[in-house]
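Undergrad:
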């Protein structure tokens, strides 16, 4: 049986680096998804995710409720993404002497277009709607875990998911109709 977040936080605070590694393994994908949602770039998302875990580690002793580590980490992720949007991290490669990443070249096939439409549809959602879809569907978290991370009730989560799905579906249908013309 795996340790709870609270147990892992307590072990980390006592100097057990492996415990923090387990927290990292548990939440890294989710944090990268949140960061990628902001950057749209895998490499930048990786950099921001690293920043999230470094900052969380440095501030771990300020976490009042260790069992709520996941929600706290999501908050840190959102804050760092806000900083990124304000420009604090955008040109970091310049500071370390690296060339900016080359843009990805994408094929113009149907699958790529559909993926682009989906990404654009997700971009039309508000932050909480995007987060709900990402955590519940992309991360495969159950409803209880998703609602805890978002800080909403179970019924609120289901309403939020339904609203977000409807918006995505409406946007995709509009895109398909536009493309057929």
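Residue numbers (the working numbering): 142 to 322. Every residue, glycine too, gets a C-beta built ideally from N, C-alpha and C.
1) Just to confirm the assignment, what range does the alpha helix (DSSP H) spanning residue 223 have?
2) Do the region 217-229 and the region 145-161 meet, that is, are 3 or more Cβ pairs less than 8 Å apart?
3) When the Cα of residue 271 is compared with those of 176, 316 and 151, which residue comes out closest?
4) Skipping 5 residues on each side, what residues in its chain have a beta carbon closer than 6 Å to that of residue 149?
5) Closest to residue 310 by CA distance: which of 282, 266, 295 and 293 is it?
6) Looking at C-beta atoms only, is the number of pairs between the region 178-188 and the region 278-296 that lie closer than 8 Å three or more?
7) In or out: residue 168 buried (at least 16 other Cβ within 10 Å) or exposed?
8) Note the first and the last residue of the continuous alpha helix (DSSP H) segment covering residue 165.
9) Leaving out five residues before and five after residue 294 in sequence, what residues of the same chain have Cβ atoms less than 7 Å from its Cβ?
10) Taking the alpha carbon of residue 171 as the reference point, which residue from 145, 143, 318 and 214 has its own alpha carbon closest?
11) Whose C-beta lies closer than 7 Å to the C-beta of residue 212 among residues of the same chain, with five residues either side of it excluded?
12) How would you call residue 321, buried or exposed, if buried means at least 16 neighbouring beta carbons within 10 angstroms?
13) How close, in whole Å, do the beta carbons of residue 145 and residue 208 come, if the pair is a contact with beta carbons under 8 Å?
14) Looking at C-alpha atoms only, which residue of 277, 203 and 181 is the closest neighbour of residue 301?
15) Please classify residue 261 as buried or exposed, where buried requires at least 16 neighbouring CB atoms within 10 angstroms.
16) Taking DSSP as the reference, what is the three-state secondary structure of residue 293?
17) In or out: residue 238 buried (at least 16 other Cβ within 10 Å) or exposed?
18) Please report how far the alpha carbon of residue 226 lies from the alpha carbon of residue 151, in whole angstroms.
19) Closest to residue 315 by CA distance: which of 258, 204, 222 and 179 is it?
TA: Reading off the structure:
1) Per DSSP, residue 223 belongs to the alpha helix (DSSP H) from 210-226.
2) No, they do not touch.
3) For residue 271, the nearest C-alpha among the options comes from 176.
4) Cβ neighbours of residue 149 beyond the five flanking positions: 160, 163 and 164.
5) It is 266.
6) Segment contact: the region 178-188 against the region 278-296, fewer than three CB-CB distances shorter than 8 Å; contact not assigned.
7) When all chains shown are included, residue 168 counts as buried.
8) Its alpha helix (DSSP H) spans residues 158-180.
9) Closer than 7 Å at the Cβ level, and outside the excluded window around residue 294, lie 288.
10) Residue 171 has its Cα closest to that of 214, out of 145, 143, 318 and 214.
11) Excluding residues within five positions, the ones whose Cβ falls inside 7 Å are 289, 290 and 292.
12) With fewer than 16 other Cβ atoms inside 10 Å of its own Cβ, residue 321 counts as exposed.
13) About 6 Å separates the CB atoms of residue 145 and residue 208; that is less than 8 Å, so the two are in contact.
14) Nearest C-alpha to residue 301: 277.
15) Exposed is the call here.
16) The answer is coil: DSSP assigns residue 293 none of H, G, I, E or B.
17) With a pLDDT of only 38 at residue 238, under the threshold of 50, the placement of this residue in the model should not be trusted; the figure read from the coordinates follows. Exposed, by the Cβ-count rule.
18) In a straight line, the C-alpha of residue 226 is about 33 Å away from that of residue 151.
19) Comparing C-alpha distances from residue 315 to each of 258, 204, 222 and 179 shows the shortest one belongs to 258.
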